[in-house]
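Numbering (the working numbering), first residue to last: 16 to 144.
Here is the structure:
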């Protein structure tokens with residue numbers, strides 16, 4: 016299996032106005048965009064603090080932004096499988112199927128700040144073959 020995993024995208028969308036929707040803030044990066052969600056620009060502008068929340072339990076990934084559920088995806092669904100096959104992760108065997116692993120905070124050349132980061136084990140991890 017891969018060490019790569021699904022990503023909660025964090026960035027200043029205004030700095031990248033022409034990118035694909037599945038690369039915008041709170042998307043499940045390169046897999047699921049937030050266009051069918053209640054997001055609709057509910058994030059705060061630069062220099063204000065947004066609150067993100069990620070829950071991954073069993074085969075379910077949920078992303079929140081400022082208290083609003085943005086992404087609710089099941090990694091064992093045909094939709095998720097189709098999204099992986101249409102993404103840059105298509106050749107990554109077992110992508111999104113790891114039950115546990117590392118958490119990465121990354122940047123790609125622009126500033127990002129984090130505060131009050133909490134990580135908790137939810138004890139509900141079902142192994143996926």
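For each residue, glycine too, the CB sits at the ideal point set by N, CA and C.
Which of the three DSSP states, helix, strand or coil, is assigned to residue i?
i	result
residue 144	Unreliable placement is indicated for residue 144, whose pLDDT of 39 sits below 50; the coordinate value is still reported in the next sentence. If DSSP states are grouped into helix, strand and coil, residue 144 belongs with coil.
residue 99	helix
residue 87	strand
residue 78	strand
Thinking C-alpha only, which one of the options is nearest residue i?
i	options	result
residue 20	83, 90, 67, 97	90
residue 59	83, 88, 72	83
residue 120	69, 94, 35	69
residue 133	126, 124, 98, 118	118
residue 64	97, 27, 37	27
residue 23	88, 73, 106	88
residue 101	122, 126, 37	37
Do you know offhand how far residue i's Cα is from residue j's?
i	j	result
residue 130	residue 109	31 Å
residue 61	residue 128	11 Å
residue 135	residue 29	32 Å
residue 114	residue 39	25 Å
Would residue i and residue j be called neighbours here (beta carbons separated by less than 7 Å)?
i	j	result
residue 25	residue 49	no
residue 47	residue 98	yes
residue 137	residue 34	no
| request: Taking 8 Å as the threshold, find out whether the segment 78-90 comes into contact with the segment 28-46 through three or more Cβ pairs. | output: Taking 8 Å as the limit for Cβ pairs, the verdict is that the segment 28-46 does touch the segment 78-90.
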